[in-house]
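Everything below concerns the one structure shown next.
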Amino acid sequence: MPAAVLDPTRPKTSTTITAAMSVQVAAVLPLFLFGGLAVQIAEELGMGVSGIGLISGMYFAVSALTTVPSGRLVDRFGALVTARVAVGLSALSLLLIAAAAHHPVALTAFLLLCAPANGLGQLASNVVLSEWAPAERRGLLFGAKQASVPLCIMLGGLSVPAVALTLGWRWAFVFGAALVLAALVPLAGLGRPATRPKVAGARAFDRQLLVFAVATFLGATAATPIGSFLTTYTVDIGGSETWAGLNLTIGGIAGVIGRTAFGAVGDRGNGREFLVITLMLTGGAAGVATFLFELPWLLPLGTVAAYALGWAWPGLMNHAVTSRYPDAPAVATSVTQTGIFLGGAVGPIGFGFVAEHFGWGAGWIAVSAAMAASALFIVAGSTVFARPRH
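Residue numbers for the sequence shown, in UniProt numbering: 1 to 390.
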């Protein structure tokens, strides 16, 4: 549906993408700060590898349970109202962690508090782009918006040498809360909140989306443990804490570039987004396999492949889904996003268990295999259950 029908005072493209990216950052920053600072947090609170995975997994489980209802809330009340709610929840959680997370139970409770903000924020930002972004640049902007996820990974990595090793890890969460609240500024530039009118006969779920949800589940199962465990793994194989943070920063930069560049593929209008996603997942699986060598100096190679390929497809996926389900973009993307969140729940818990009982090598083999399986389901969804592009 054209944006002009929903809001005749269409904002500038720069305001639209800034608002979408800011909300995306607000939605995911708490978890990635936790992942980047896991070594310091675990040392202070007495947590092991499996404990880190359990907390990350529970966060994604709550996100998954609240995603489809969040999609309906976004379509019902509009992207701007729900985006502001997401920003508020994330900022509150970050401040509570900084001030009162002195036990793993308290840390878990505060992270779970902002888990619903993950779905609300990501789906609201999807709708901001689908309603206000120019159609001819929407793929690029979806990619840029999703690039805010590795941007958070990069911030999590930089927070180790810049804040955690100087002022302490709690100050990183204080600064994170200030960054999250800054998202309210570009949101105000989008104008008065508008609600999406219901479209009779709008379809937001079918077998293709179900297959893609399985694919996103497997892809996220593979990718999310990387952000949660990479710094811990780097230190365990002989790297310094500073090198662990810098390696994660390199991955974040690669993810920003990869998500933005591959998002632009959707603007070419050739309908080959799913082929590109398949190749990306395959390349990511090959990159993660290099972790098996357990060489700190080699880690950036696998990290770049993992983030620029194996975990750079969500923006292109969101663009492809909103193009095929234009009458209910939030609900449609909530289905594939649920797969991502479920994978985020299973991935860290499963990886933590495997790594603790069978070693890091077994964990990375499982990650690589899950990425390859995700690629196969993308192929099945885009061929056997293909849906025409809008």
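Heads up, the beta-carbon is just placed ideally off N, CA and C, and yes, glycines get one too.
Open item on the list: Using 8 Å for Cβ pairs, my map puts I237 next to L54. What's the rounded Cβ distance?
Closed with: Sequence index remark: in the sequence shown, residue 237 carries index 237 (1-based). Sequence index remark: in the sequence shown, residue 54 carries index 54 (1-based). The C-beta separation of I237 from L54 comes to about 23 Å, leaving the pair out of contact by the 8 Å criterion.
TODO: Taking only the alpha-carbon atoms, compute the straight-line gap between P2 and P326 and give it to the nearest angstrom.
DONE: Reading the sequence shown from its first residue, position 2 is the one you call residue 2. Reading the sequence shown from its first residue, position 326 is the one you call residue 326. Legend: pLDDT at P2 = 40, less than 50; position of this residue unreliable, value from coordinates given subsequently. Whole-angstrom Cα-Cα distance: 10 Å.
Task: Per-residue burial, L218 [other beta carbons within 10 Å of its own, 16 or more giving buried] - done: If you number the sequence shown from 1, residue 218 lands on position 218. Buried: at least 16 other Cβ atoms inside 10 Å.
- [ ] Entirely within the stretch 114-168 and at least 4 residues each: give me those alpha helix (DSSP H) ranges in chain order.
- [x] Fully enclosed alpha helix (DSSP H) runs of 4 or longer: 115-132, 138-146 and 148-159.
Open item on the list: Taking 8 Å as the limit between beta carbons, can you name the residues of its chain near Q24, skipping five residues before and five after?
Closed with: Residue numbering aside, residue 24 sits at position 24 when the sequence shown is read from its first letter. Excluding the 5 residues flanking it on each side, Q24 has same chain C-beta neighbours closer than 8 Å at G121, Q122, S125, K145, Q146, S148 and V149, in chain order.
Task: Where H102 falls: helix, strand or coil (DSSP) - done: In the sequence shown, the residue the question calls residue 102 occupies position 102. Correct three-state label for H102: coil.
Open item on the list: Can you find the residues in the same chain that come closer than 6 Å, C-beta to C-beta, to S56, ignoring five residues on each side of it along the sequence?
Closed with: For the purposes of this step, residue 56 is identified with residue 56 of the sequence shown, where counting begins at 1. Closer than 6 Å at Cβ, skipping near neighbours: S228 and P348.
Open item on the list: What residue range does the alpha helix (DSSP H) around L309 cover?
Closed with: Working through the sequence shown from its first residue, we reach residue 309 at position 309. Premise fails: L309 is in no alpha helix (DSSP H) and is neither H nor E.
TODO: Report the option in A19, A20, S50 and V39 whose CA atom is closest to the CA atom of V354.
DONE: Residue numbering aside, residue 354 sits at position 354 when the sequence shown is read from its first letter. The residue with the shortest Cα to Cα distance from V354 is S50.
Task: Option in G143, G88, E294 and C114 with minimal Cα separation from P314 - done: By 1-based counting over the sequence shown, the position of residue 314 is 314. The shortest C-alpha separation from P314 is found at G143.
- [ ] Take the Cβ of A188 as the centre, count every other Cβ of all protein chains shown within 10 Å, and call the residue buried at 16 or more, exposed below.
- [x] Within the sequence shown, residue 188 is the residue found at index 188, counting from 1. By the 10 Å Cβ count, A188 comes out exposed.
Open item on the list: Suppose contacts are defined by Cβ-Cβ distances below 8 Å. Is A320 in contact with G266 by that definition?
Closed with: Translated into positions along the sequence shown, residue 320 becomes position 320. Translated into positions along the sequence shown, residue 266 becomes position 266. Yes, the Cβ-Cβ distance between A320 and G266 is below 8 Å.
Task: Own chain partners of T66 with C-beta closer than 6 Å, once the 5 adjacent residues on each side are dropped - done: The count along the sequence shown starts at 1 and reaches residue 66 at position 66. Excluding positions up to five away in sequence, the list reads P116 and G119.
Task: Any 3 or more C-beta pairs closer than 8 Å across the stretch 96-115 and the stretch 164-174 - done: Output reads yes: the stretch 164-174 touches the stretch 96-115.
- [ ] Provide the residue span of the alpha helix (DSSP H) that contains S22, from first to last.
- [x] Counting from one through the sequence shown, the residue named residue 22 turns up at place 22. Here the alpha helix (DSSP H) through S22 covers T13 to G36.
Open item on the list: Taking the straight line between their C-alpha atoms, what separation do you get for A372 and F291?
Closed with: Numbered from its first residue, the sequence shown carries residue 372 at position 372. Numbered from its first residue, the sequence shown carries residue 291 at position 291. Looking at the backbone, the Cα of A372 and that of F291 are separated by about 16 Å.
Open item on the list: Any contact between the stretch 359-379 and the stretch 284-300? By contact I mean 3 or more CB pairs, one from each, below 8 Å.
Closed with: The stretch 359-379 vs the stretch 284-300: in contact.
TODO: With a 10 Å radius around its C-beta and 16 neighbouring C-beta atoms as the bar for buried, classify H390 as buried or exposed.
DONE: Working through the sequence shown from its first residue, we reach residue 390 at position 390. Below a pLDDT of 50, predicted positions are generally treated as unreliable, and H390, at 49, falls in that range; the measurement from the model is reported next regardless. Exposed, by the Cβ-count rule.
TODO: Locate the alpha helix (DSSP H) running through I365, then write down its first and last residues.
DONE: For the purposes of this step, residue 365 is taken as residue 365 along the sequence shown, with counting starting at 1. W360 to T383 is the extent of the alpha helix (DSSP H) around I365.
- [ ] Would you mind working out which of V160, T221 and V85 sits nearest V39, comparing C-alpha positions?
- [x] The residue labelled residue 39 in the question sits at position 39 within the sequence shown. Nearest of V160, T221 and V85 to V39, Cα basis: V160.
- [ ] Can you check the stretch 201-238 for any alpha helix (DSSP H) of at least 4 residues that lies completely inside it and give the ranges in chain order?
- [x] Uninterrupted alpha helix (DSSP H) stretches at least 4 residues long and entirely within the stretch 201-238 occur at 207-236, given in chain order.
Task: Sequence-distant residues of the same chain with beta carbon closer than 7 Å to A64, five excluded per side - done: Your numbering for residue 64 matches position 64 in the sequence shown. T338, F341, L342 and A345.
- [ ] State the Cα-Cα distance for the pair P296 and T383, rounded to the nearest angstrom.
- [x] Here residue 296 refers to the residue found at position 296 when the sequence shown is read from its first residue. Here residue 383 refers to the residue found at position 383 when the sequence shown is read from its first residue. Inter-residue distance for P296 and T383 is about 40 Å (C-alpha atoms, whole angstroms).
TODO: May I ask you to report which of helix, strand or coil DSSP gives S50?
DONE: As a first step, residue 50 is located in the sequence shown; it is residue number 50 there, counting from the start. Helix.
Open item on the list: On the CB-based measure, 16 or more other CB atoms within 10 Å of its CB, does F358 come out buried or exposed?
Closed with: Walking along the sequence shown from the start, residue 358 turns up at place 358. Counting every other CB atom within 10 Å of its CB across the protein chains shown gives F358 a total below 16, marking it as exposed.
Task: C-beta atoms of T13 and V128 nearer than 8 Å - done: Against the sequence shown, residue 13 aligns to sequence position 13. Against the sequence shown, residue 128 aligns to sequence position 128. Cβ distance not < 8 Å, so T13 and V128 don't count as in contact.
Open item on the list: Buried or exposed for R268, going by 16 or more other Cβ atoms inside 10 Å?
Closed with: Position 268 of the sequence shown holds residue 268. Residue burial is scored here from C-beta neighbours: R268 has fewer than 16 other C-beta atoms within 10 angstroms and is therefore classed as exposed.
- [ ] Leaving aside the five residues before and after P8 along the sequence, list all residues of the same chain whose C-beta is less than 6 Å from its C-beta, in chain order.
- [x] On the sequence shown, position 8 is the one that residue 8 refers to. Reliability of the predicted coordinates at P8 is poor, the pLDDT of 46 falling under 50, and no value is obtained from them.
Open item on the list: Quick check on P69: buried or exposed, where buried means 16 or more other Cβ atoms within 10 Å of its Cβ?
Closed with: Stepping through the sequence shown from its first residue, residue 69 is reached at position 69. Looking at its Cβ environment, which holds fewer than 16 other Cβ atoms inside 10 Å, P69 is exposed.
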